[in-house]
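Student: In this text, residue positions in the sequence shown follow this note's numbering: the first is 2, and each later residue adds one. What follows is a structure written as C-alpha cells; I'll ask about it next.
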Amino acid sequence: FESDADTTMVVLCYEPRPLEVEFMERHYKHTQTFIPLEGKPLVGFFAPPNNKDEPDLDKVVAFRFDGSAGFQMHKGTWHEQPFPVVPGTKAICVLRAETIRELKPTNAETGECHGEDISKLNILSRHNIVFTTATPLGKL
C-alpha cells in the first residue's frame with residue numbers, strides 16, 4: 002500500500018446490486034486495496050490510469066475475484082466499488098482518510114465528486130452508457 006498521509010481501514014458490507022457501472026473514480030495520492038472477508042467473491046471494473054480527465058472507456062475491463070485474496074490498484078486506476086456475487090459480502094478497504102472526506106458529491110445533480118485525491122465521474126450522465134458483463138451476476 003502506498004500513501005503519504007493518514008491511512009484508514011474500513012469494513013464494507015455489500016449486498017447485491019445491479020451489475021451496472023454508472024460511475025468510475027480514481028485516486029491520485031494512494032493505491033487502494035480491497036480484501037474480501039469470509040472467502041466471498043467480488044467483481045471489479047477497471048480502466049488503466051491516464052493523464053485525461055476521464056477514463057478510456059474502450060479500455061474498461063471486468064475481473065472476478067474468487068475471495069481467496071485481495072487486490073490493490075495502482076494510483077490513478079479508474080474503478081467502481083466492487084460488486085458482490087453473494088449477499089452479505091464483507092471486505093476491508095484500505096485508503097487515505099482524506100478520500101473518505103472527499104466522497105461527498107461536489108455536484109448534487111450528477112453525484113460526481115472532485116477533490117485533492119479523488120475524481121469520481123458519472124459515466125451514465127456524461128456518455129449515456131453503462132458498463133456490465135455478458136454473464137449475469139448470479140452465474141459469475
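We treat Cβ as the ideally placed atom computed from N, Cα and C, and that holds for glycine.
From residue 98 to residue 128, what does the alpha carbon distance come to, in whole angstroms?
Tutor: Position 97 of the sequence shown, counting from 1, holds the residue named residue 98. Position 127 of the sequence shown, counting from 1, holds the residue named residue 128. Cα to Cα, residue 98 sits roughly 31 Å from residue 128.
Student: I'd like to confirm the pairing. Which residues does DSSP put opposite residue 85 in its beta bridges?
Tutor: Position 84 of the sequence shown, counted from the start, is the residue given in the question as residue 85. 43, per the DSSP bridge assignment.
Student: According to DSSP, which residues form a beta bridge with residue 1?
Tutor: With the chain represented from 2 up to 141, any question about residue 1 goes unanswered, as that position is not in the structure.
Student: With distances taken Cα to Cα, identify the nearest neighbour of residue 27 among 77, 91, 10.
Tutor: Counting from 1 along the sequence shown, the entry for residue 27 is found at position 26. Comparing Cα positions, the closest option is 77.
Student: The alpha helix (DSSP H) spanning residue 58 covers which residue range?
Tutor: Walking along the sequence shown from the start, residue 58 turns up at place 57. That residue, residue 58, is in no alpha helix (DSSP H); it is neither H nor E in DSSP.
Student: For residue 13, name the three-state secondary structure that DSSP assigns.
Tutor: Here residue 13 corresponds to residue number 12 of the sequence shown, with the count starting at 1. Annotated three-state conformation of residue 13 is strand, per DSSP.
Student: Can you give the Cα-Cα distance for residue 54 and residue 37, rounded to whole angstroms?
Tutor: Residue 54 sits at position 53 when you count from the first residue of the sequence shown. Residue 37 sits at position 36 when you count from the first residue of the sequence shown. Straight-line Cα distance between these residues: approximately 30 Å.
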